[in-house]
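Visitor: This is the structure I have questions about; it appears just below.
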Amino acid sequence: MRIPDDVRKDIPLTKEVIYFDNTATSLTPKPVVDAMDEYYLKYRANVHRGVHRLSQIATHKYEESRKAVADFINAKFEEVVFTKNTSESLNLVALGLEHLFKKGDKIVTTPYEHHSDLLPWQRLAREKGLRLEFIEGDLEGNLDLADAEKKIKGAKLVAVQHVSNALGVIHEIERLGKMAKEEGAIFVVDAAQSAGHMEVDVKKLHADFLGFSGHKGPMGPTGIGVLYINSEFFDIFEPPLIGGGTIEDVDLYSYKLTEPPERFEAGTPNIGGAIGLAAGVRYVEKVGADKVEKQEGKLVKRITEGLDELEIPWYGPRDLKKHAGVVSFNVPPLHPHDVAAILDEHNILVRSGHHCALPVMKKLGVEGTVRASFHVYNSVEEVETFLGVMEGLVKGLRG
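Quick note on numbering: the sequence shown equals residues 8 to 406 in our numbering.
Following this line, the structure appears as structure tokens:
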């Protein structure tokens, strides 16, 4: 497969816009849409417990999708739970583990987290009287691993993003996971910005829990996400939601939960979404995670060089080996929204604001940033067009 040309052929929107908002959501290839259409038009039915033929087909395709996702992250079939998105996955982890904590226990995370990997731990700490500590780091987002080792000592749980959605920094998750395991701490990974953009192997990462969304890196639909639960936690993790599909037996005063993964998926799931996610995962695997990462790296190198040439300040690690396909910048004295609006006039779509990472913005001392984020279908030519617009913008500002 030629990168990015063959991928662009599968995504009609790439002919209409320069889409640099992949951190928020990625564009969808036709094979993903086709897989979902097939479900809705040819075997639309609910899954599990149905005897009729359409339910049997739907159930087979749904569980086949789970297997595809499990293989994608090197997990066991039963360790993959379908959720709504990363936010839901991480909230479920906090709720399902709440009973393990007692007053004074320590949770460790970082100051760079997306709100979805910060607020659940803040709430848990407040409700249970826990200590919340943060691993120190610099303005580029690089974590101080010596401080990490010190903070993780005695921790009950460690929660870290794989890639920062605000700064693009790739955290050293394997080392942090190893530190957590050596302390006997539960290790939670937010893989929202890494899954589909680079290899995500739950075993290599030492993850006990890991969440990601289908609509970002995997190029699947919205409304479907994944929660990986290490099988060692099956009898420890309390399902926050119970009801239809989660039980083996019920009487008027008691119930017995069924086996994983169904015990963690209450009610009718997003069947079409799971099928679409699996199609997206297969598409990314066909392209190759290494090729996705290489293409994004090429774009990051060119855009950061171009911003430096234009003397436009950008944020994130200067060591581009640690920089994923997310580049945040500002064009003083313009507000980030004004810059995004100008780019939109030139058919270039970016994100602006605080990116659900207000502590990061406060650390940087800015109200927000403009964020350009990439996927494998973005091209160097698109980056050059972007830089041309930025050159015109700064020339106008500087007279």
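Backbone N, C-alpha and C define an ideal beta-carbon position, used for all residues, glycine too.
Quick one: any contact between the stretch 8 to 17 and the stretch 28 to 43, if contact means 3 or more CB pairs under 8 Å?
Guide: yes
Visitor: Buried or exposed: where does LEU61 fall if 16 or more other Cβ atoms within 10 Å of its Cβ makes it buried?
Guide: By 1-based counting over the sequence shown, the position of residue 61 is 54. LEU61 should be labelled exposed.
Visitor: Could you tell me the alpha carbon to alpha carbon distance between PHE271 and ASN337, rounded to whole angstroms?
Guide: As a first step, residue 271 must be located in the sequence shown, where it is residue number 264. As a first step, residue 337 must be located in the sequence shown, where it is residue number 330. One C-alpha to the other measures close to 43 Å.
Visitor: Can you tell me whether TYR46 is helix, strand or coil according to DSSP?
Guide: Here residue 46 is taken as the residue at index 39 of the sequence shown, counted from 1. Helix at TYR46.
Visitor: Under a Cβ-count criterion, where at least 16 other Cβ atoms within 10 Å of its own Cβ denotes burial, should MET8 be classed as buried or exposed?
Guide: Taking the first residue of the sequence shown as position 1, residue 8 is located at position 1. The residue in question, MET8, is exposed, as its Cβ has fewer than 16 Cβ neighbours within 10 Å.
Visitor: Which stretch, first to last residue, makes up the alpha helix (DSSP H) that contains GLU255?
Guide: Here residue 255 corresponds to residue number 248 of the sequence shown, with the count starting at 1. No alpha helix (DSSP H) holds GLU255; the beta strand (DSSP E) holding it covers 254 to 258.
Visitor: Locate the beta strand (DSSP E) running through GLU318, then write down its first and last residues.
Guide: As a position in the sequence shown, residue 318 is number 311, starting the count at 1. Looking at the DSSP string, GLU318 is not in any beta strand (DSSP E), and its letter there is neither H nor E.
Visitor: For VAL195, which of helix, strand or coil comes out of DSSP?
Guide: Numbered from its first residue, the sequence shown carries residue 195 at position 188. Under the three-state reduction of DSSP output, VAL195 falls in the strand class.
Visitor: Out of GLY399, VAL383 and GLY304, which has the shortest C-alpha to C-alpha gap to ILE349?
Guide: Here residue 349 corresponds to residue number 342 of the sequence shown, with the count starting at 1. Of the listed residues, the one whose Cα sits closest to ILE349 is GLY399.
Visitor: Below 6 Å CB to CB, which residues in the same chain sit around SER96 once its five sequence neighbours on both sides are set aside?
Guide: Looking up residue 96 in the sequence shown gives position 89. Same-chain partners within the cutoff: THR90, GLY218, GLY232 and LEU234.
Visitor: Nearest CA to the CA of SER359: which residue from LYS370, LEU137, ARG378 and PRO366?
Guide: Here residue 359 refers to the residue found at position 352 when the sequence shown is read from its first residue. Checking every option, the nearest Cα to that of SER359 belongs to ARG378.
Visitor: Measure the C-alpha to C-alpha separation of GLU292 and ARG405 and round it to an integer number of angstroms.
Guide: Residue numbering aside, residue 292 sits at position 285 when the sequence shown is read from its first letter. Residue numbering aside, residue 405 sits at position 398 when the sequence shown is read from its first letter. Near 46 Å, if we compare the C-alpha coordinates of ARG405 and GLU292.
Visitor: Can at least three beta-carbon pairs, one atom from the stretch 361 to 373 and one from the stretch 170 to 183, be found at a separation below 8 Å?
Guide: yes
Visitor: Our contact map puts GLY279 next to MET43 with C-beta atoms below 8 Å; I'd like the distance itself, whole angstroms only.
Guide: Indexing the sequence shown from 1 puts residue 279 at position 272. Indexing the sequence shown from 1 puts residue 43 at position 36. Correct: roughly 5 Å between the Cβ atoms.
Visitor: Who does TYR262 pair with in a DSSP beta bridge?
Guide: Start at 1 with the first residue of the sequence shown, and residue 262 comes out as number 255. Paired residue(s): VAL257.
Visitor: Does DSSP classify HIS222 as helix, strand or coil?
Guide: The residue labelled residue 222 in the question sits at position 215 within the sequence shown. DSSP places HIS222 in coil when its eight states are reduced to three.
Visitor: Can you tell me which residues form a DSSP beta bridge with ILE180?
Guide: As a position in the sequence shown, residue 180 is number 173, starting the count at 1. For ILE180, no pairing in a beta bridge is given by DSSP.
Visitor: Please list, in chain order, all residues of the same chain as GLU140 whose beta carbon is under 7 Å from its beta carbon, the five residues on each side excluded.
Guide: Stepping through the sequence shown from its first residue, residue 140 is reached at position 133. Cβ within range, chain order: LYS113, VAL115 and LYS158.
Visitor: Is ARG130 near the ligand COA - that is, is its Cβ less than 7 Å away from at least one heavy atom of it?
Guide: The ligand COA is absent from the structure shown, which contains no ligands of any kind.
Visitor: Tell me whether LYS113 sits in a helix, a strand or coil according to DSSP, three-state version.
Guide: Here residue 113 refers to the residue found at position 106 when the sequence shown is read from its first residue. Of the three classes helix, strand and coil, the one that applies to LYS113 here is strand, per DSSP.
Visitor: DSSP three-state label for GLU140, please.
Guide: As a working mapping, residue 140 is identified with position 133 in the sequence shown. Three-state DSSP puts GLU140 in a strand.
Visitor: Provide the residue(s) that pair with ASP154 in DSSP beta bridges, ordered along the chain.
Guide: Working through the sequence shown from its first residue, we reach residue 154 at position 147. Under DSSP, ASP154 shares a beta bridge with no residue.
Visitor: Enumerate, from N- to C-terminal direction, the unbroken beta strand (DSSP E) stretches of 3 or more residues contained entirely within the stretch 295 to 354.
Guide: Runs of the beta strand (DSSP E) inside the stretch 295 to 354: 333 to 336.
Visitor: Buried or exposed: VAL463, going by 16 or more other Cβ atoms within 10 Å of its Cβ?
Guide: In the structure displayed, the chain extends from 8 to 406; residue 463 sits before or after that span and is not available.
Visitor: Would the beta-carbon of TYR69 fall within 8 Å of that of ALA273?
Guide: Residue numbering aside, residue 69 sits at position 62 when the sequence shown is read from its first letter. Residue numbering aside, residue 273 sits at position 266 when the sequence shown is read from its first letter. No.
Visitor: Give the DSSP-derived three-state secondary structure of GLN200 in the structure shown.
Guide: By one-based count along the sequence shown, residue 200 stands at place 193. DSSP places GLN200 in coil when its eight states are reduced to three.
Visitor: Can you give me the Cβ contacts of GLY252 inside the same chain, cut-off strictly under 7 Å, excluding the 5 residues immediately before and after it?
Guide: In the sequence shown, the residue the question calls residue 252 occupies position 245. Around GLY252, the same chain offers HIS55, GLU269, GLU272, ALA273 and GLY274 as residues with beta carbons nearer than 7 Å, after the five sequence neighbours per side are excluded.
Visitor: Rounded to the nearest angstrom, what separates SER238 and ASN81 at their Cα positions?
Guide: Numbered from its first residue, the sequence shown carries residue 238 at position 231. Numbered from its first residue, the sequence shown carries residue 81 at position 74. Those two C-alpha atoms are separated by around 13 Å.
Visitor: Whose C-beta lies closer than 7 Å to the C-beta of TRP321 among residues of the same chain, with five residues either side of it excluded?
Guide: Walking along the sequence shown from the start, residue 321 turns up at place 314. Answer for TRP321: THR311, LEU314, VAL334, SER335 and PHE336, listed in chain order.
Visitor: Since LEU394 is in the alpha helix (DSSP H), which residue starts that stretch and which ends it?
Guide: Residue mapping note: residue 394 aligns to position 387 of the sequence shown, counting from 1. From DSSP, the alpha helix (DSSP H) with LEU394 extends over 387 to 405.
Visitor: What are the boundary residues of the beta strand (DSSP E) that ARG51 is part of?
Guide: Numbered from 1 along the sequence shown, position 44 holds the residue referred to as residue 51. Looking at the DSSP string, ARG51 is not in any beta strand (DSSP E), and its letter there is neither H nor E.
Visitor: On a CA-only basis, which of LYS402, GLY250, ASN385 and VAL396 is nearest GLU23? Give me that one, please.
Guide: Within the sequence shown, the letter at position 16 stands for residue 23. Nearest of LYS402, GLY250, ASN385 and VAL396 to GLU23, Cα basis: ASN385.
Visitor: Give me the residue from GLU374, HIS204, LYS185 and PHE27 with the minimum Cα distance to LYS211.
Guide: By one-based count along the sequence shown, residue 211 stands at place 204. Out of GLU374, HIS204, LYS185 and PHE27, LYS185 has the C-alpha closest to the C-alpha of LYS211.
Visitor: Can you tell me which of GLY144, ALA347 and LEU102 puts its alpha carbon nearest to the alpha carbon of PRO127?
Guide: Stepping through the sequence shown from its first residue, residue 127 is reached at position 120. Considering only alpha carbons, the answer is LEU102.
Visitor: Could you check whether the stretch 199 to 208 touches the stretch 295 to 307, counting it as contact only if at least three pairs of C-beta atoms, one from each stretch, sit closer than 8 Å?
Guide: yes
Visitor: By Cβ distance, which residues of its chain are closer than 8 Å to HIS243, with the 5 residues on each side in sequence left out?
Guide: One-based indexing of the sequence shown puts residue 243 at position 236. According to the sequence provided, residue 243 is Ile. The question's His does not apply to it. LEU104 and LEU107, listed in sequence order.
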